[in-house]
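Protein sequence lines correspond, in order, to chains Z and P. So for the first sequence, our numbering puts the first residue at 1; every next one is plus one. So for the second sequence, our numbering puts the first residue at 1001; every next one is plus one.
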Amino acid sequence: MSRLKNLFDQKSARVLNVYCTAGFPQLTSTLEVMESLQANGADIIEVGMPYSDPLADGEVIQSSSLMALENGMTIEVLFEQLASMRKTIHVPVILMGYMNPILQYGFERFCKAAKEAGVDGLILPDLPLFEFETIYGDTIKDSALDFIFLVTPETSEERLKKLDALSSGFIYAVSSSATTGKDKDFAKVAMYLKKLKAFRLKNPFLVGFGIKDKESFNAVNEYANGAIIGSAYIKALSTGGDINTITKNFLASILK
Amino acid sequence: MQLFDKKAEYQEPNQEGYYGEFGGAYIPEMLYGNVEELKHQYLDIMKDPDFQIEFHALLRDYVGRPTPLFYAERLSKEMGTTIYLKREDLCHTGAHKINNTVGQILLAQRLGKTKIIAETGAGQHGVATATVCALKGMECVVYMGEKDIERQAPNVARMKLLGAKVVPATSGSKTLKDATNEAIRAWINEPDTTHYIIGSVVGPHPYPDMVAKFQSVISDEIRKQLKDKTGAELPTHVVACVGGGSNAAGAFYHFLNEPTVNLVAVEAAGHGVYSGMSAATTQLGTTGILHGSKSILMQTKDGQVVEPHSISAGLDYPGIGPLHAYLFKSGRGTFTSATDEEALEWASHLSKIEGIIPALETAHAFAILPKMNFKPTDIVVVCLSGRGDKDLATYMSNIKM
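So, in structure tokens, the structure goes:
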């Protein structure tokens, strides 16, 4: 059974997925960050593979990506770093990234390497539904990786149904149409999430974009199975200092 | 060169926006609604008779079309052939870019949008967008690389004078690629009210096709004018510079399925194709995804997009439209390049031999003429895509006067 399914079978509320950029703040800090996230209460770890032109990301994640690239992070290096991660990491791990670097690495090779490293699922925001269905979806399925589609308040019911059917693990509900790291109008977000909950998706759903503190985390958990935090954590890491201390304080501020 | 049968495939992408293997719409879900709305409506809107009447009236009375097809007598003599210049430099705002912005602003109105965003490299597209926004009373925000803002000061001033807000793109190489990223992000953040006017035949489907169709007025006119002037149905060569490729797409469009017409696309080689300071995408690039479409782009082996170099901001782009990638890959188009130095030389030469100061981008197209070995019987059309006023500072510091 997939680690993600296992997780949601045991925990259906207040699931916390934290995003970190591979190779940030230092090239070799990826695993340290992941271990620290696990130790301090993250239920899922989402590792971002840095790209030079990350369209869906706001300034904070963009600049962490650029720094990671300057540090020398590549998909190749990342898989070397993740090769032994399952000795210490027991929570589900998903990779998030853009299509171009993966295509250059080789899509099939990428899926195989991810599975081998013990990765559980993929979030590829610029892989469209049509190309997923006609080209890439089978390869992902063959590698037994979960695939997590994004949905937004503008996603039609018909499309939502389709994206839910094709997703496994969970659904990534974008709180409002925006890039990462933007503040949100929570009354509006709540209306959307209420609707989404009533829709009774096949998959559990986590809310991302604009979740940055205890208040926003609690707010979306009224409706969702949990939330995804990215920019706020990267911002905290950017201040420098001891990774474990930063992570401990950050997650405590959300969960306690 | 390989000749092709008469096929519509070059003019019409398939339903998902592919020209061969290139194109598509690789966009995050946050943009799906907007792109889908465009995809469903652009053809119907463009075919609507009212739209056509308004579009062509504006092209005639506001842009100044048809632009002349000018027989360049001295240049022809020098090259030992017959050369015509398609005078897009005489368009309102000084370049072909306005053909597309006029079309897209009318489309945006029909989609009920109230705000326009755009990216710009050299500033020509930014000016053309700011101009039509002023014409239609729409709010306009133009994203422009910080580096380009410095090197294209007159166009920045023009946009501001026209009432547009110019936002510097400070990420990455601070040029066109990054301005495009910023514009797409801005669109993601304000999808309901905003239309994004892309300036080239790049971006997610339906942009490459839509922009090509708006620019196709160039080749439509060339065909008619050439027939009137020479009796010839077709030229033997059409030459145009290519960054993203909008003037080339427009100049090639009605010849795409005429296999006897050689389509010559000239990219910017910067300091030399293999100098490490170049923007010659088809020579240096590989298949990849940038700005929402699959095409050819300059990238590292790890798939990170490379920062290109060209002295002309309008050609300083690491990708190329999917239509051009297909013309290159299929052999239907001939892709060549000119260096910074050659472009400067030809900017100067064309000024002196024909009394026309071309834009730096356009000068690249002329720079390849001596290398083409034209026959005396050839009929060559060069798309003179823009005028050189905006490049005077560069010319003054690089050309001995």
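Glycine is no exception: its CB is placed at the ideal position from the N, C-alpha and C atoms.
PHE1366 (chain P) and GLY97 (chain Z) have their alpha carbons spaced roughly 42 Å apart. Taking the CA atoms as reference points, LYS1174 (chain P) sits about 41 Å from ASN203 (chain Z).
Sequence-distant partners of GLU157 (chain Z) (beyond 5 residues in either direction) whose C-beta falls short of 8 Å from its own C-beta, in its chain, are PHE199. By the Cβ test, the stretch 1200 to 1215 of chain P is not in contact with the stretch 1056 to 1073 of chain P, since fewer than three Cβ pairs between them sit closer than 8 Å.
A residue is called buried when at least 16 other Cβ atoms come within 10 angstroms of its Cβ; SER1337 (chain P) meets this threshold and is buried. Interface residue (Cβ-Cβ distance to chain P less than 8 Å): GLN104 (chain Z) is classified as such.
Leaving aside the five residues that flank GLY1024 (chain P) on each side, the residues in its chain whose CB is nearer than 7 Å to its CB run, in chain order, GLU1016, GLY1017, TYR1018, HIS1205, SER1293, LYS1294.
Within 8 Å of the CB of ILE1027 (chain P), the CB atoms of chain Z belong to LEU55, ASP126, PRO128, in sequence order along the chain. Unbroken alpha helix (DSSP H) stretches of 4 residues or longer found wholly inside the stretch 1274 to 1347 of chain P: 1281 to 1284, 1322 to 1330, given in chain order.
Identification of residues in the stretch 1298 to 1310 of chain P having a C-beta nearer than 9 Å to some C-beta of chain Z yields GLN1299, THR1300, LYS1301, ASP1302, GLY1303, GLN1304, VAL1305, VAL1306, GLU1307, given in sequence order. DSSP places LEU1069 (chain P) inside the beta strand (DSSP E), whose first and last residues are 1069 to 1071.
CA-to-CA, the gap between GLN26 (chain Z) and ILE1083 (chain P) works out to about 58 Å. Rounded to whole angstroms, the gap between the alpha carbons of LEU1043 (chain P) and LEU1085 (chain P) is 30 Å. Between SER253 (chain Z) and PHE209 (chain Z) the beta-carbon gap is near 19 Å, outside 8 Å, which marks them as no contact.
Excluding sequence positions up to five before and after ARG86 (chain Z), its CB lies within less than 7 Å of the CB of GLY118, all in the same chain and listed in chain order. C-alpha of ILE1357 (chain P) to C-alpha of GLU76 (chain Z): approximately 50 Å in a straight line. Inter-residue distance for MET1144 (chain P) and ILE89 (chain Z) is about 44 Å (C-alpha atoms, whole angstroms). Counting only the Cα atoms, HIS1237 (chain P) lies some 45 Å from MET49 (chain Z). Within the stretch 1075 to 1087 of chain P, not one residue has a Cβ closer than 8 Å to any Cβ of chain Z. DSSP, read as helix, strand or coil, puts ALA224 (chain Z) in coil. Within the DSSP bridge table, the entry for GLU46 (chain Z) names Z:TYR19, Z:ILE94 as partners. The beta-carbon of ASN100 (chain Z) is placed less than 8 Å from the nearest beta-carbon of chain P.
At a cut-off of 8 Å between beta carbons, GLU1016 (chain P) contacts chain Z. The beta carbon of ALA1186 (chain P) is closer than 6 Å to those of ILE1117 in its chain, skipping five residues each way along the sequence. Contact of ALA113 (chain Z) with chain P is not assigned, every C-beta pair being separated by 8 Å or more. Inter-segment contact for the stretch 1251 to 1271 of chain P and the stretch 1307 to 1315 of chain P is present: three or more beta-carbon pairs are separated by less than 8 Å. When rounded, the separation of the alpha-carbon atoms in ILE1399 (chain P) and LEU1350 (chain P) is 13 Å. According to DSSP, residue pairing for MET1396 (chain P) in a beta bridge does not occur. Taking the Cα of TYR1326 (chain P) as reference, the smallest distance to any Cα among P:SER1348, P:PRO1208, P:PHE1070, P:ASN1373 is reached at P:PRO1208. Sixteen is the threshold: when 16 or more other Cβ atoms of the shown chains lie within 10 Å of the Cβ of HIS1195 (chain P), as they do, the residue is buried. SER1275 (chain P) is positioned such that its CB atom lies no closer than 8 Å to that of LEU1284 (chain P). Using a C-beta cut-off of 8 Å, the stretch 1103 to 1116 of chain P makes contact with the stretch 1128 to 1141 of chain P, since at least three inter-stretch Cβ pairs fall below that distance. Sixteen is the threshold: when 16 or more other Cβ atoms of the shown chains lie within 10 Å of the Cβ of ASP1316 (chain P), as they do, the residue is buried. Counting the other CB atoms within 10 Å of its CB gives THR245 (chain Z) a total below 16, which places it among the exposed residues. A contact between stretches requires three or more CB pairs, one per stretch, nearer than 8 Å, and the stretch 1359 to 1377 of chain P fails this requirement with the stretch 1104 to 1113 of chain P. Between the alpha carbons of GLY1020 (chain P) and LYS1329 (chain P) lies a gap of roughly 9 Å.
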